[in-house]
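Since the structure comes first, as structure tokens, the remarks are kept for the end.
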Amino acid sequence: DTAVSQTPKYLVTQMGNDKSIKCEQNLGHDTMYWYKQDSKKFLKIMFSYNNKELIINETVPNRFSPKSPDKAHLNLHINSLELGDSAVYFCASSQAGRQETQYFGPGTRLLVL
Amino acid sequence: QQQVKQSPQSLIVQKGGISIINCAYENTAFDYFPWYQQFPGKGPALLIAIRPDVSEKKEGRFTISFNKSAKQFSLHIMDSQPGDSATYFCAAVKAAGNKLTFGGGTRVLVKP
Chain A
292 DTAVSQTPKY
302 LVTQMGNDKS
312 IKCEQNLGHD
322 TMYWYKQDSK
332 KFLKIMFSYN
342 NKELIINETV
352 PNRFSPKSPD
362 KAHLNLHINS
372 LELGDSAVYF
382 CASSQAGRQE
392 TQYFGPGTRL
402 LVL
Chain B
4 QQQVKQSPQS
14 LIVQKGGISI
24 INCAYENTAF
34 DYFPWYQQFP
44 GKGPALLIAI
54 RPDVSEKKEG
64 RFTISFNKSA
74 KQFSLHIMDS
84 QPGDSATYFC
94 AAVKAAGNKL
104 TFGGGTRVLV
114 KP
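Here it is as structure tokens:
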């Protein structure tokens, strides 16, 4: 009965590889987000989707591509991984227009070697 | 450019003491101010939130104070407990926008 789930929980990979992180929410929310949390715990939004439509795209390298097959899923694909991509990536969701109340997933810890 | 500035970065409090975290914002278009709590290895979770037309909101041991003219708000954790040890984030949101802008976070450690 997990509200927002992410897979995998941990991801260790080599520089230059391509990887994907999956996110699913069963809350019936219309809006989903991807955040990056760096080693200093700073949380920064990357993308936001509302009903499968991209509405926020912060200054994120083109190597990061979100995909929303339906409003319950928002996946993140990362091409040509770099050392600086090492971070914790959080998926979150909210009701449309209720962005102050977001439900976060458990995070995916990405380590690029 | 950090739109929401949070201080201190870390805080150590004795059990039973008061933890105080302060935030300041620049954009007057922000109209909702939530606080999120994050335990190690977990995602952030909404703790308490306030609108700028209210000067104070209390939920259990957690109180938000809001000073609209100074563009500042703060979180007070009364009777702090070891289980409150976590990272706390203030945030701000514009109704017309679609994103939370987070402060830099405060790591709170409550010693028994």
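Chains as they are written, first to last, in the numbering used here: chain A, 292 to 404; chain B, 4 to 115. We treat Cβ as the ideally placed atom computed from N, Cα and C, and that holds for glycine.
Compute the beta-carbon to beta-carbon distance between residue i and residue j, rounded to the nearest angstrom, for a pair I have assumed lies under 8 Å.
i	j	result
Gly108/B	Gln9/B	6 Å
Met306/A	Glu373/A	6 Å
Gly398/A	Cys314/A	The Cβ separation is near 10 Å, so there is no contact.
Asp321/A	Asn341/A	6 Å
Tyr35/B	Ala52/B	6 Å
Ser311/A	Leu365/A	In fact, because the Cβ distance is near 11 Å, the residues do not count as touching under 8 Å.
Gln74/B	Glu29/B	Sequence inspection shows Lys at residue 74/B; the Gln mentioned does not correspond to that position. 7 Å between Cβ atoms; contact.
Ile21/B	Ile67/B	Their Cβ separation, rounded to whole angstroms, is 14 Å, which puts Ile21/B and Ile67/B out of contact at 8 Å.
Ala383/A	Gln393/A	4 Å
Gly106/B	Ala94/B	7 Å
Trp325/A	Phe338/A	5 Å
Arg64/B	Asp82/B	5 Å
Quick check on residue i: buried or exposed, where buried means 16 or more other Cβ atoms within 10 Å of its Cβ?
i	result
Val57/B	exposed
Thr31/B	exposed
Leu404/A	exposed
Leu345/A	exposed
Ala98/B	exposed
Glu59/B	exposed
Glu391/A	buried
Gln316/A	buried
Asp329/A	exposed
Val303/A	exposed
When you compare only the Cα positions, how much space is there between residue i and residue j?
i	j	result
Phe92/B	Pro43/B	13 Å
Asn370/A	Pro55/B	42 Å
Tyr301/A	Val96/B	30 Å
Leu103/B	Ile336/A	8 Å
Ser77/B	Asn25/B	4 Å
Leu401/A	Lys358/A	19 Å
Lys331/A	Pro360/A	32 Å
Asn101/B	Gln40/B	20 Å
Gln17/B	Gly46/B	25 Å
Gly319/A	Ala363/A	7 Å
Leu14/B	Gly375/A	28 Å
Pro37/B	Leu50/B	7 Å
Ile23/B	Pro11/B	9 Å
Gln62/B	Gln84/B	The question names Gln, yet the displayed sequence has Glu at residue 62/B. Straight-line Cα distance between these residues: approximately 15 Å.
Tyr380/A	Pro115/B	32 Å
Gln297/A	Asn348/A	20 Å
Between residue i and chain C, is there a C-beta pair that is closer than 8 Å?
i	result
Phe76/B	Judged by its chain identifiers, the structure shown contains no chain C, and its protein chains are A and B.
*Between the region 327 to 340 of chain A and chain B, which residues of the former have a C-beta closer than 7 Å to a C-beta of the latter?*
Residues of the region 327 to 340 of chain A that bring their beta carbon within less than 7 Å of a beta carbon in chain B comprise Lys332, Phe333, Leu334, Ile336, Ser339, in sequence order.
*Identify each residue in the region 11 to 44 of chain B for which the Cβ-Cβ distance to at least one residue of chain A is less than 7 Å, and report them in chain order.*
For the region 11 to 44 of chain B, the set of positions with a beta-carbon nearer than 7 Å to some beta-carbon of chain A reads Tyr35, Pro37 in chain order.
*Quick one, which residues of the region 48 to 72 of chain B are near chain A if we go by CB-CB under 8 Å, in chain order?*
Across the region 48 to 72 of chain B, CB contacts with chain A closer than 8 Å involve Ala48, Leu49, Ala52, in sequence order along the chain.
*Contact list for the region 98 to 111 of chain B against chain A, Cβ threshold 7 Å*: Correct list: Asn101, Lys102, Leu103, Phe105, Gly107, Gly108.
*Taking Cβ-Cβ distances below 7 Å as the criterion, which residues of the region 381 to 397 of chain A are in contact with chain B?*
For the region 381 to 397 of chain A, the residues whose beta carbon sits under 7 Å from a beta carbon of chain B are, in order, Phe381, Gln390, Glu391, Thr392, Gln393, Phe395, Gly396, Pro397.
_Under 9 Å, CB to CB, which of the residues in the region 339 to 369 of chain A have a partner in chain B?_
Listed by position, the residues of the region 339 to 369 of chain A near chain B (Cβ gap below 9 Å) are Ser339, Asn341, Ile346, Ile347, Glu349.
*Listed in chain order, which residues of the region 81 to 97 of chain B have Cβ atoms closer than 8 Å to some Cβ of chain A?*
If you check each beta-carbon in the region 81 to 97 of chain B against every beta-carbon of chain A, the ones closer than 8 Å belong to Thr90, Phe92, Ala94, Val96.
*Secondary structure, beta strand (DSSP E): runs of 3+ residues fully inside the region 23 to 102 of chain B*: Those beta strand (DSSP E) runs which fall completely within the region 23 to 102 of chain B and span 3+ residues are 36 to 41, 48 to 53, 59 to 62, 65 to 70, 75 to 80, 89 to 96.
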